[in-house]
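>
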Amino acid sequence: MGIANFLTLQLTREVGLDLSTAAIISGASGLTGWIGQILWGSFSDVKGRKRSLGIILAGWILAAALCMFIHSAVLGWTILIFWGLFRNSPYPVAYALLIDSSPRAAASSMGLMIGLAVGIAGILVAPVSGWIIHSFGFTVHYLVIVAVLLMSSLPLWFIKETVTLKKA
């Protein structure tokens, strides 16, 4: 949300694009978002949820860091299409992890996860990101996002793998 909420502003103010072009480019990650969901969801069925979440998180970190370098429409398209491969990918993998972990309470677990993750993010991200951008600029904003993503990798170490991996 910290990336998506302010992309149009960044593209108009920092890159100098007109509003309609900036809005179109801001949606570029949606072009590949569905591919990432299918790709990483399928990968997690074979190679494990934990490994998939690690790769997705690494992709998010790289994409968020690259957003600091969006200084043209071409870079915007390129970086955001790359980000799309990871943007929505945690959802199917995390849902599968929840279903694997507690199949009898899958619906309530997913509802709780969605409510907490999206609800809290919606409440916190816009004002905090807006303040950071206003006070320190987009580069610091993306550095904060990268730092938060790096911190979120810590709990990944404690997640128990739910997919039985078969050795060849």
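Using my numbering, you'd call the opening residue of the sequence shown number 5 and step up by one each time. Every residue gets a Cβ at the ideal spot worked out from N, C-alpha and C, and that includes glycine.
1) Buried or exposed, going by whether 16 or more other CB atoms sit within 10 Å of the CB of Pro-96?
2) Give me the residue from Gly-123, Tyr-146, Ala-151, Ser-56 with the minimum Cα distance to Thr-166.
3) Step through the CB atoms of chain B and report whether any lies within less than 7 angstroms of the CB of Ser-133.
4) Under DSSP, the alpha helix (DSSP H) around Trp-81 begins and ends at which residues?
5) In chain order, what residues of the same chain have a beta carbon less than 8 angstroms from the beta carbon of Gln-41, not counting five sequence neighbours either side?
6) Go through its chain and collect everything with a Cβ distance to Trp-87's Cβ below 6 angstroms, but skip five positions before and after it.
7) Using a threshold of 7 angstroms, state whether the C-beta atoms of Leu-60 and Trp-38 are closer than that.
8) Along the chain, where does the alpha helix (DSSP H) that runs through Phe-142 open and close?
9) Could you tell me the distance, in whole angstroms, from the CA atom of Trp-64 to the CA atom of Thr-143?
10) Using DSSP with H/G/I as helix, E/B as strand and the rest coil, what is Thr-12?
11) For Ser-133, count neighbouring C-beta atoms within 10 Å of its own C-beta (all shown protein chains included) and say buried if the count is 16 or more, exposed if not.
12) Could you compute how far the alpha carbon of Thr-3 sits from the alpha carbon of Ala-77?
13) Under three-state DSSP, which class holds Ala-67?
14) Going by beta carbon distance, what residues of the same chain come within less than 8 angstroms of Ile-85, once the five residues before and after it are set aside?
15) For a quick check, are the C-beta atoms of Ile-136 and Val-148 less than 7 angstroms apart?
16) Could you tell me if His-75 is buried or exposed, where buried requires 16 or more neighbouring beta carbons within 10 angstroms of its beta carbon?
By the coordinates alone:
1) Against the sequence shown, residue 96 aligns to sequence position 92. With 16 or more Cβ atoms within 10 Å of its Cβ, Pro-96 is classed as buried.
2) Within the sequence shown, the letter at position 162 stands for residue 166. Of Gly-123, Tyr-146, Ala-151, Ser-56, the residue nearest in Cα terms is Ser-56.
3) Of the protein chains in this structure there is only one, and it is not chain B.
4) The residue labelled residue 81 in the question sits at position 77 within the sequence shown. Start and end: 77-91.
5) As a first step, residue 41 must be located in the sequence shown, where it is residue number 37. Around Gln-41: Asn-92, Ser-93, Tyr-95, Pro-96.
6) Numbered from its first residue, the sequence shown carries residue 87 at position 83. Here the set comprises Ser-33, Ala-67.
7) The count along the sequence shown starts at 1 and reaches residue 60 at position 56. The count along the sequence shown starts at 1 and reaches residue 38 at position 34. The sequence as given places Ile at residue 60; Leu does not occur at that position. No. Outside cutoff.
8) On the sequence shown, position 138 is the one that residue 142 refers to. Element bounds for Phe-142: 142-160.
9) The residue given as residue 64 occupies position 60 in the sequence shown. The residue given as residue 143 occupies position 139 in the sequence shown. Cα-Cα distance, rounded: 16 angstroms.
10) Taking the first residue of the sequence shown as 1, we reach residue 12 at position 8. In this structure, Thr-12 counts as helix in the three-state DSSP scheme.
11) Stepping through the sequence shown from its first residue, residue 133 is reached at position 129. With 16 or more other Cβ atoms within 10 Å, it is buried.
12) Here the chain comprises residues numbered 5 to 172, so residue 3 is not present and cannot be evaluated.
13) For the purposes of this step, residue 67 is taken as the residue at position 63 of the sequence shown. Note: Ala-67 maps to helix in three-state DSSP.
14) As a position in the sequence shown, residue 85 is number 81, starting the count at 1. If we look at Ile-85 and ignore the five residues flanking it on each side, its Cβ neighbours are Ala-32, Ser-33, Leu-35, Thr-36.
15) The residue given as residue 136 occupies position 132 in the sequence shown. The residue given as residue 148 occupies position 144 in the sequence shown. Cβ atoms of Ile-136 and Val-148: closer than 7 angstroms.
16) Residue 75 sits at position 71 when you count from the first residue of the sequence shown. Classification of His-75: exposed, given that the 10 Å Cβ count is below 16.
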